[in-house]
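Novice: Line order of the protein sequences matches chains E and X.
Residues -1 to 276, numbered by the numbering used here, are exactly what the first sequence covers, in order.
Residues 479 to 836, numbered by the numbering used here, are exactly what the second sequence covers, in order.
C-beta atoms are modelled at their ideal positions from N, C-alpha and C, and glycine is treated no differently.
All values derive from a computational prediction rather than experimental measurement.
Handing you a structure now.
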Amino acid sequence: MSIVRGNTDEPAWVRRLLILIAITFMALFLLLPLVLVFYCAFEEGLTTYWEALTDRRTLRAIGVTLLTIGIAVPLNVFFGIVAAWCLGKFNFRGKSLLISLIDLPFAVSPVIAGLLFVILFGMHSVLGEWLWSTFGIRILHSTTATVLATMFVTFPFVTRELLPIMQTQGTEEELAARVLGANGIQIFFRVTLPNIKWALLYGVVLCNARAMGEFGAVNVVSHGGKNNTLSLLIYETYQSDLVAAFAVSTLLALMAIVTLVLKTLIEMRTARKEGRSV
Amino acid sequence: MSIEVQNITKSFGNFLALNDVSLYIKSGELVALLGPSGSGKTTLLRIIAGLEEADEGSGPILFNNRNMKDSKIGDRGVGFVFQHYALFRHMTVFENVAFGLRVRPRTTRPDNGEIRRRVLELLRLVQLDTQADRYPHQLSGGQRQRVALARALAVEPQVLLLDEPFGALDAKVRVELRQWLRRLHDEIHLTSVFVTHDQDEALELADRVAVMNAGKIEQFATPNEVFHKPATEFVMNFLGSVNKFRGQVADGKVRLGEQFIMDVPENTEEAKLFVRPHELQISHTKVPNSFNLRAVITRIHSAGARVRVDLETHSGDAMTAEMTHSRLSELNLENGQDVYIVPSNIHVFGADEHAIEE
């Protein structure tokens, strides 16, 4: 006869040891780097830290980063909802192919994604040359390229969060709304959107975090200098001024912490709504 | 408001869901579409609602003689209750019911006070006025069903359509709710159509029943008529269990053994004789001037309001008779007993599976 107490019958010291290993690992690989970032940033005092943050180049990079996420995230939210709506609520030919395609940015290395844009919009490409000769527009090495590359890399986040929930919810509520006389816009804003809002917010938070931290693709398409994003700036300054690089890094680290807190709050909220304990 | 559909055909790929169906429902009538799954009953309901479109070449869908075929779903004046209710999960009961009023264009939308008054009145009607602030997931199945009904009624529909309204409920709630729905219909007299695969539900609730099979309406008549005068073999079978006998046809007469059953047209070749279990008598002695068949009692099911007796004829056919408990004790029946079975009411069907009338 055995008495069930909890899910395991491992002796107490085994359980404690496992927990200790896990905590040590987390401390070494996750917490320590985070602490180090802040430590190095403040190593030469608050004044140096503040100067690094208010440096002209830093302010410009903050501007570029904000502009990039300001354009890329809303557009990806829009396209993400549209894609999830099509894939979740309708059946059509080639649907599974489209679902795989949406995951493409996850599968492709960001550097290759960046190279794709170079091939597409570079001066030696048909499109790039045409844009330059006809409109005098140069996509590559401009902020536009940064935004496009960021959008490409972060596209799947919103769709990936919305698709499963839209699939399980089906279309019955929308049909019911239609029978009750609602038009398409009313159905979307009063029925569909409220049902997906937490998943959507979750997707937005993840998309935003990734957009802010994107380095690989942006590094390929950007020329540096005035088009630097925060990530690119850190990489650039890191080679000459370590303290300044860490100072700027604290901004991204803080945003990461905010993201984690938001993510946890949304997860708690969703779990409570579904009646599960967290 | 009367509903009329003419020559409706609908196919899904190779599957013919509705095959040239026509139906006329009188104003204020409560009609059941009854049939097994795949018979086309839900498809017909959804076509009336506008949730599905009939195939090219189908006839019109008339509400009070006005063709609704090309009007949008929201303009048809239809209240629809979905099988799984389809309540808006993020809205309270109150907001669910108010939805149809809130989405109206500003010119026809009632003001907030009026919406409130009407929603609460409906919630009282469905006996849920105390649950107005709850969410769908906090309600029982029967309560959700009534919210769905109140929501459908809120837009003051001309016709009410219900898809398997009691399908997802347990047996007891089902019976209560259908009696309640019948009373509600007697109060508000809204032309209503509901889909069901449960013959008891259809027979108890409806003014008329359309029995459907394989995309066709086999019979459309009052519950009494479909039960006692089934038009086809399918209706006879679907509305309860039957005992089958082989009749002999000769010279325009159908006989069962020695007994004359009925006159039939000269060219009749085959006659199938069906008898309901409650119309099959059991006797210890031969009944004069009747068809008597020897059979052995194989099992007596007495746990129920009525007793069911399973028998086997000497030629090996299984038969079932039904009787009251007092009749059972009068007859003093036991397993293994040899008895006579005597049909008291015989339904005759021809080779084309249609009833042959006397």
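Residues of chain X with CB closer than 7 Å to the CB of residue 176/E, please, in chain order.
Specialist: Ordered by position in chain X, the residues that pass the 7 Å Cβ test against residue 176/E are 551 and 552.
Novice: Using the three-state DSSP reduction, which class does residue -1/E fall into: helix, strand or coil?
Specialist: A caution first: residue -1/E carries a pLDDT of 45, below 50, which makes its placement in the model unreliable, though a value can still be read off. DSSP places residue -1/E in coil when its eight states are reduced to three.
Novice: Can you pull the chain E neighbours of residue 577/X, defined as C-beta to C-beta under 8 Å?
Specialist: Residues of chain E passing the Cβ test: 175, 178, 180 and 188.
Novice: When DSSP labels each residue in this structure, what does residue 195/E get in the three-state scheme?
Specialist: Residue state, collapsed to three classes: helix.
Novice: Give the DSSP-derived three-state secondary structure of residue 213/E in the structure shown.
Specialist: In the structure shown, residue 213/E sits in coil (DSSP, three-state: anything other than H, G, I, E or B).
Novice: Note down, in chain order, every chain X residue with its Cβ under 9 Å from the Cβ of residue 8/E.
Specialist: Per Cβ cutoff of 9 Å: no residues; residue 8/E is ~38 Å from chain X at best.
Novice: Could one say the Cβ of residue 165/E lies closer than 8 Å to chain X's Cβ atoms, at least one of them?
Specialist: No, because no Cβ of chain X sits closer than 8 Å to the Cβ of residue 165/E.
Novice: Which residues in chain E have a C-beta closer than 7 Å to the C-beta of residue 566/X? List them in chain order.
Specialist: Those within 7 Å of residue 566/X in chain E are 171 and 189.
Novice: Taking only beta-carbon atoms, is residue 162/E less than 8 Å away from chain X?
Specialist: Cβ-Cβ to chain X under 8 Å: no for residue 162/E.
Novice: Among 537/X, 581/X and 575/X, which residue has its Cα nearest to the Cα of residue 596/X?
Specialist: The shortest C-alpha separation from residue 596/X is found at 575/X.
Novice: Can you tell me which of the three DSSP states residue 696/X falls into?
Specialist: The answer is strand: DSSP assigns residue 696/X an E or B state.
Novice: Between residue 606/X and residue 571/X, what straight-line distance do the alpha-carbon atoms span, to the nearest angstrom?
Specialist: Near 9 Å, if we compare the C-alpha coordinates of residue 571/X and residue 606/X.
Novice: Does the Cβ-Cβ distance between residue 495/X and residue 645/X come in under 8 Å?
Specialist: The answer is no: Cβ separation not under 8 Å.
Novice: For residue 834/X, collect the residues of the same chain with a Cβ closer than 6 Å to its Cβ; drop the 5 residues on either side in sequence, then sort them by chain order.
Specialist: Excluding positions up to five away in sequence, the list reads 742, 826 and 828.
Novice: By the DSSP assignment, the alpha helix (DSSP H) with residue 727/X in it spans what residues?
Specialist: Per DSSP, residue 727/X belongs to no alpha helix (DSSP H); it is in the beta strand (DSSP E), 726 to 728.
Novice: Quick one: what does DSSP say residue 547/X is sitting in, helix, strand or coil?
Specialist: Residue state, collapsed to three classes: coil.
Novice: I want to see whether chain E comes within less than 8 Å of residue 823/X, judged by CB atoms only; does it?
Specialist: No, residue 823/X does not count as interfacial toward chain E.
Novice: Determine the closest residue to residue 542/X out of 557/X, 505/X, 735/X and 726/X, with distance taken between C-alpha atoms.
Specialist: Of 557/X, 505/X, 735/X and 726/X, the residue nearest in Cα terms is 505/X.
Novice: Decide yes or no for the touch test of the region 153 to 160 of chain E against the region 131 to 142 of chain E: beta carbon pairs closer than 8 Å, at least 3 of them.
Specialist: At 8 Å Cβ cutoff, the stretches do not touch.
Novice: Measuring only the C-alpha atoms, how far is residue 107/E from residue 213/E?
Specialist: If I take the Cα positions, the gap works out to 11 Å.
Novice: Along the region 521 to 532 of chain X, what residues have a CB closer than 7 Å to any CB found in chain E?
Specialist: If the cut-off is 7 Å between Cβ atoms, the region 521 to 532 of chain X has 527 and 529 near chain E.
Novice: Could you pull out every residue in the same chain whose Cβ sits closer than 8 Å to the Cβ of residue 762/X, ignoring the five residues on either side in sequence?
Specialist: Only 809, 817 and 818 meet the Cβ criterion.
Novice: If we cut at 8 Å on Cβ distances, does residue 184/E have a partner in chain X?
Specialist: Closer than 8 Å to some Cβ of chain X, the Cβ of residue 184/E qualifies, so yes.
Novice: Report the CB separation of residue 245/E from residue 39/E in whole angstroms; it is logged as a contact under 8 Å.
Specialist: Their Cβ separation, rounded to whole angstroms, is 4 Å, which keeps residue 245/E and residue 39/E in contact under 8 Å.
Novice: For residue 764/X, which of helix, strand or coil comes out of DSSP?
Specialist: Looking at residue 764/X - three-state DSSP - the assignment turns out to be coil, as it is neither helix nor strand.
Novice: I need the boundaries of the beta strand (DSSP E) containing residue 790/X, first residue and last residue.
Specialist: Per DSSP, residue 790/X belongs to the beta strand (DSSP E) from 785 to 791.
Novice: Under DSSP, the alpha helix (DSSP H) around residue 578/X begins and ends at which residues?
Specialist: That run of the alpha helix (DSSP H) goes 571 to 580.
Novice: List the DSSP bridge partners of residue 751/X.
Specialist: The partner list for residue 751/X (beta bridge, DSSP) reads 723/X and 826/X.
Novice: Using a Cβ cut-off of 9 Å, pull out every chain X residue sitting near residue 193/E, in sequence order please.
Specialist: Within chain X, the residues near residue 193/E are 566, 567 and 568.
Novice: Could you check where the beta strand (DSSP E) with residue 482/X kicks off and where it finishes?
Specialist: Residues 481 to 490.
Novice: Residues in the same chain with beta-carbon distance under 7 Å from residue 622/X, minus the five sequence neighbours each way, listed in chain order, please.
Specialist: Closer than 7 Å at the Cβ level, and outside the excluded window around residue 622/X, lie 563, 565 and 614.
Novice: Is there a Cβ from chain E that is less than 8 Å from the Cβ of residue 556/X?
Specialist: For residue 556/X, the answer is yes, since a Cβ of chain E falls inside 8 Å of its Cβ.
Novice: With which residues is residue 777/X paired in a DSSP beta bridge?
Specialist: For residue 777/X, which the question treats as bridged, DSSP gives the partners 788/X.
Novice: Grab the span of the alpha helix (DSSP H) containing residue 76/E for me, first residue to last.
Specialist: 54 to 87 is the span of the alpha helix (DSSP H), which, as asked, contains residue 76/E.
Novice: Determine the direct distance from the alpha carbon of residue 112/E to that of residue 569/X, and round the result to whole angstroms.
Specialist: If you take the alpha carbons of residue 569/X and residue 112/E, they lie about 45 Å apart.
Novice: Give the residues of chain E in contact with residue 633/X, contact being defined as C-beta atoms less than 9 Å apart.
Specialist: Those within 9 Å of residue 633/X in chain E are 177, 178 and 179.
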